[in-house]
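Chains as they are written, first to last, in the UniProt record's numbering: chain A, 1 to 204; chain B, 1 to 204; chain C, 1 to 204.
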């Protein structure tokens, strides 16, 4: 079940990433690389940091094929996608919570401490988008806009908390996903923002 | 033989990277770091992704000395290098195919699946230039211009294909290199471009 | 002793990093991530390159809490911090030499060659700042300004040299730190710069 949601999520991430690439006039190779980095980069960064090999896309090279295909499709139907913007925002929110749960689970498997489990969820959910923005030469959106990383942390915290209460894993996943999704979607709808820190003094 | 070509390639990559650093007014430290990242970064990224240690430059620290020396030399003779632009474009193309073959070979040694072998070649050939562009605060050239990553994939595909046909490794290397080099040089000469995806709609 | 200096250094790095984040209008999540990357990123990059696991912040998750707390404090008292600019420049210089020594020590433990030990010190001392600048979408300051990486190399070279002469480890650390600190602070005071390489010719 989580696996099917994961496949849907990487497809959606790859498709929206393709539009970012298009905004930078990238060619088809660039589109595929940005899609791979966005959809699979979060888990890859997590695995590097926690020395957890092999990468999912090395074990399942079909993920590379699926995401590349989705990205090229997105470039072809870009006009239609723009009209389905809301759907893709929903799918992106779904991806965030699914990636977060998977990241927490992998950190649990290798017995990492509580804070690191939360961080693992956040890295899995968010690092792909950060890498995409770095490669597109932008200040990562994550750092500036919307309740994104925070929704990931909340998802992870509920997942861990409910598990600690002795609930079965499946229940913890479902409740955490619903809460995370709700938070993310409400934050988009009402344009919630985390407080910003603006500082203009020259330092160096 | 491949080893000698590799040394020539990292020297050429380091020298052209130094000019990129000069375009950003970097000091000598920056020039050396950009040269290291460009010449040795592709293999380093590959090794991190596939958990293949130690790094070549840890086993052969002389690579660091050679590339740093080449970069500083390039900064000194920048004027002369500009006149030898064509030579360096040729050497850069040589580097691309040599790095690609080496990347494929390492992925073969650790028994990775076919698609990942191709990807390993592409990462080895291209990631150094991507890192250089990120550190120089530019959208990676690779994603926007010329038949570069594609030449790497073609090189890898011919290498693997000819090997599959039962030809000796040496023959596969030579033919794949010639085809890859030809494709890359023709694409420079006739300014071939991959189709670009341009998209202007605001999404976020 | 080195451990206490290390804690002081990561706090100082996290606090100055928060101001960089403020210059890019980041929210609190962005501020924390930039602080983590700056304070802990150098050691993390070193560990990835030399396959040295686990990360210090996985073993000591309290480092994440301390640096996040310091960063948020810095955002709150940004005005006061600006007035204590000199103190933070001193602490940053202290961080540079302490990180460098720790980086050299870890490379010594895993028996890396001499050049790589120096490089390990430099990466530990400098890579955090480079990552910060990349995430803030700037050309890394390190590559362009001041005697920073050079002070790290000098620190490492004195540390290794004095050790080779047979002096006890503690003596080597103290002397190397004093020399490195002096070099860094003098370079700030007299605005020493490494020679710059400026090149304007279009190449691509």
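Note that beta-carbon positions come from the ideal geometry of N, C-alpha and C, so glycine has one too. Fair warning: this is a prediction, and the values are worked out from it, not measured in the lab.
Handout entry: Buried versus exposed, by CB contacts within 10 Å (16 or more), residue 199 of chain C
Key = To locate residue 199 of chain C, count along the third chain from 1; it is residue 199. Buried.
Exercise for the section: Indicate whether the contact test is met: 3 or more Cβ pairs, each with one atom in the region 159 to 166 of chain C and one in the region 59 to 71 of chain B, closer than 8 Å. Expected result: no
Problem - Three-state secondary structure assigned by DSSP to residue 27 of chain B - result: For the purposes of this step, residue 27 of chain B is taken as residue 27 along the second chain, with counting starting at 1. Residue 27 of chain B: strand per DSSP, three-state reduction.
Exercise for the section: With 8 Å as the threshold, decide whether the Cβ of residue 144 of chain B is near any Cβ in chain A. Expected result: Position 144 of the second chain holds residue 144 of chain B. Judged by the 8 Å Cβ criterion, residue 144 of chain B is in contact with chain A.
Problem - Cβ neighbour criterion (16 or more within 10 Å) applied to residue 118 of chain C - result: Indexing the third chain from 1 puts residue 118 of chain C at position 118. So residue 118 of chain C ends up on the buried side.
Exercise for the section: Over the uninterrupted alpha helix (DSSP H) stretch that includes residue 218 of chain A, give me the two end residues. Expected result: Outside the modelled stretch of chain A, which goes from 1 to 204, sits residue 218 of chain A, for which no answer is possible.
Practice task
Alpha carbon to alpha carbon, how far is residue 29 of chain C from residue 74 of chain C? Give it in angstroms, no decimals.
Solution key: Reading the third chain from its first residue, position 74 is the one you call residue 74 of chain C. Reading the third chain from its first residue, position 29 is the one you call residue 29 of chain C. Spanning the two alpha carbons is a distance of roughly 14 Å.
Exercise for the section: Thinking residue 16 of chain B and residue 128 of chain B are a contact (beta carbons under 8 Å), I'd like their distance in whole angstroms, please. Expected result: Sequence index remark: in the second chain, residue 16 of chain B carries index 16 (1-based). Sequence index remark: in the second chain, residue 128 of chain B carries index 128 (1-based). The pair is not a contact, with the Cβ atoms about 11 Å apart (cut-off 8 Å).
Problem - Cutoff 7 Å; reference residue 135 of chain A; Cβ partners in own chain excluding five residues on either side - result: Translated into positions along the first chain, residue 135 of chain A becomes position 135. So the qualifying residues of the chain are 34, 37.
Exercise for the section: Quick one: residues in its chain with C-beta nearer than 8 Å to the C-beta of residue 110 of chain C, no 5 flanking neighbours on either side, listed in chain order? Expected result: Within the third chain, the letter at position 110 stands for residue 110 of chain C. Closer than 8 Å at the Cβ level, and outside the excluded window around residue 110 of chain C, lie 50, 52.
Practice task
Consider the Cβ of residue 126 of chain C: report whether some Cβ of chain A lies at a distance smaller than 8 Å.
Solution key: Here the question's residue 126 of chain C lines up with position 126 in the third chain. So, not an interface residue.
Problem - Paired residues, beta bridge with residue 83 of chain B - DSSP - result: Within the second chain, numbered from 1, the residue matching residue 83 of chain B stands at position 83. For residue 83 of chain B, which the question treats as bridged, DSSP gives no partner whatsoever.
Exercise for the section: Determine, using beta carbons only, whether residue 21 of chain A and residue 197 of chain B come nearer to each other than 8 Å. Expected result: Start at 1 with the first residue of the first chain, and residue 21 of chain A comes out as number 21. Start at 1 with the first residue of the second chain, and residue 197 of chain B comes out as number 197. It is a contact, given that the beta carbons lie within the stated cut-off.
Handout entry: Whole-angstrom distance between residue 186 of chain B and residue 172 of chain C, CA atom to CA atom
Key = Residue mapping note: residue 172 of chain C aligns to position 172 of the third chain, counting from 1. Residue mapping note: residue 186 of chain B aligns to position 186 of the second chain, counting from 1. Taking the straight line from one Cα to the other gives about 57 Å.
Practice task
Locate the alpha helix (DSSP H) running through residue 179 of chain B, then write down its first and last residues.
Solution key: Residue 179 of chain B sits at position 179 when you count from the first residue of the second chain. Start and end: 169 to 189.
Exercise for the section: Taking only beta carbons into account, state which residues of the region 171 to 200 of chain A come closer than 8 Å to chain C, listed in chain order. Expected result: 193, 194, 195, 196, 197, 198, 199, 200
Exercise for the section: Flag residue 61 of chain B as yes if its beta-carbon sits less than 8 Å from any beta-carbon of chain C, otherwise no. Expected result: Working through the second chain from its first residue, we reach residue 61 of chain B at position 61. Interface residue, yes.
Problem - For residue 155 of chain B and residue 91 of chain B, the rounded distance between their alpha carbons - result: Within the second chain, residue 91 of chain B is the residue found at index 91, counting from 1. Within the second chain, residue 155 of chain B is the residue found at index 155, counting from 1. Going by the C-alpha atoms only, they are around 16 Å apart.
Practice task
Would you mind working out which of B/44, B/10, B/70 sits nearest residue 58 of chain B, comparing C-alpha positions?
Solution key: The residue you call residue 58 of chain B lines up with position 58 of the second chain. The residue with the shortest Cα to Cα distance from residue 58 of chain B is B/44.
Handout entry: Buried versus exposed call for residue 170 of chain A [16 or more other C-beta atoms within 10 Å across all chains shown]
Key = For the purposes of this step, residue 170 of chain A is identified with residue 170 of the first chain, where counting begins at 1. Residue 170 of chain A comes out exposed.
Exercise for the section: Tell whether a beta-carbon distance below 8 Å holds between residue 5 of chain A and residue 98 of chain A. Expected result: Mapped onto the first chain, residue 5 of chain A falls at position 5. Mapped onto the first chain, residue 98 of chain A falls at position 98. Going by C-beta atoms, residue 5 of chain A is nearer than 8 Å to residue 98 of chain A.
Exercise for the section: Flag residue 111 of chain C as yes if its beta-carbon sits less than 8 Å from any beta-carbon of chain B, otherwise no. Expected result: The count along the third chain starts at 1 and reaches residue 111 of chain C at position 111. No, residue 111 of chain C lies away from the interface with chain B (no Cβ there is under 8 Å from its Cβ).
Practice task
Quick one: using the 10 Å Cβ neighbour count with 16 as the cut-off for buried, is residue 201 of chain C buried or exposed?
Solution key: In the third chain, the residue the question calls residue 201 of chain C occupies position 201. It counts as exposed.
Exercise for the section: With a threshold of 16 other CB atoms inside 10 Å of the CB of residue 132 of chain C, please say whether the residue is buried or exposed. Expected result: Within the third chain, the letter at position 132 stands for residue 132 of chain C. That one is buried.
Problem - Of the listed residues A/104, A/95, A/153, nearest to residue 14 of chain A (C-alpha basis) - result: Within the first chain, numbered from 1, the residue matching residue 14 of chain A stands at position 14. That would be A/95, whose Cα lies nearest to the Cα of residue 14 of chain A.
Practice task
Give a single yes or no on whether residue 53 of chain C has its beta carbon closer than 7 Å to a heavy atom of the ligand FAD.
Solution key: In the structure on display, the ligand FAD does not appear, and there are no ligands present to speak of.
Practice task
Starting from residue 115 of chain A, follow the alpha helix (DSSP H) in both directions and report where the run begins and ends.
Solution key: The residue given as residue 115 of chain A occupies position 115 in the first chain. First-last of the alpha helix (DSSP H) with residue 115 of chain A: 114 to 135.
Exercise for the section: Check whether the Cβ atoms of residue 144 of chain A and residue 25 of chain C sit closer than 8 Å, and answer yes or no. Expected result: Here the question's residue 144 of chain A lines up with position 144 in the first chain. Here the question's residue 25 of chain C lines up with position 25 in the third chain. In this structure, residue 25 of chain C lies closer than 8 Å to residue 144 of chain A by Cβ.
Practice task
Spell out whether any CB of chain A is found under 8 Å from the CB atom of residue 106 of chain C.
Solution key: Taking the first residue of the third chain as 1, we reach residue 106 of chain C at position 106. So, not an interface residue.
Problem - Counted within 10 angstroms of its Cβ, other Cβ atoms place residue 140 of chain B as buried (16 or more) or exposed - result: Here residue 140 of chain B is taken as the residue at index 140 of the second chain, counted from 1. Residue 140 of chain B comes out buried.
Practice task
Tell me, please, whether the CB atom of residue 132 of chain C is closer than 8 Å to any CB atom in chain A?
Solution key: As a position in the third chain, residue 132 of chain C is number 132, starting the count at 1. Cβ-Cβ to chain A under 8 Å: no for residue 132 of chain C.
Practice task
Starting from residue 78 of chain A, find everything on chain B with Cβ-Cβ shorter than 9 Å and list it in chain order.
Solution key: Numbered from 1 along the first chain, position 78 holds the residue referred to as residue 78 of chain A. Chain B residues near residue 78 of chain A: 197, 199, 201.
Problem - Segment limits, alpha helix (DSSP H) that includes residue 73 of chain B - result: As a first step, residue 73 of chain B is located in the second chain; it is residue number 73 there, counting from the start. 62 to 76 is the extent of the alpha helix (DSSP H) around residue 73 of chain B.
Handout entry: Interface residues of the region 147 to 159 of chain C facing chain A [CB-CB below 7 Å]
Key = none
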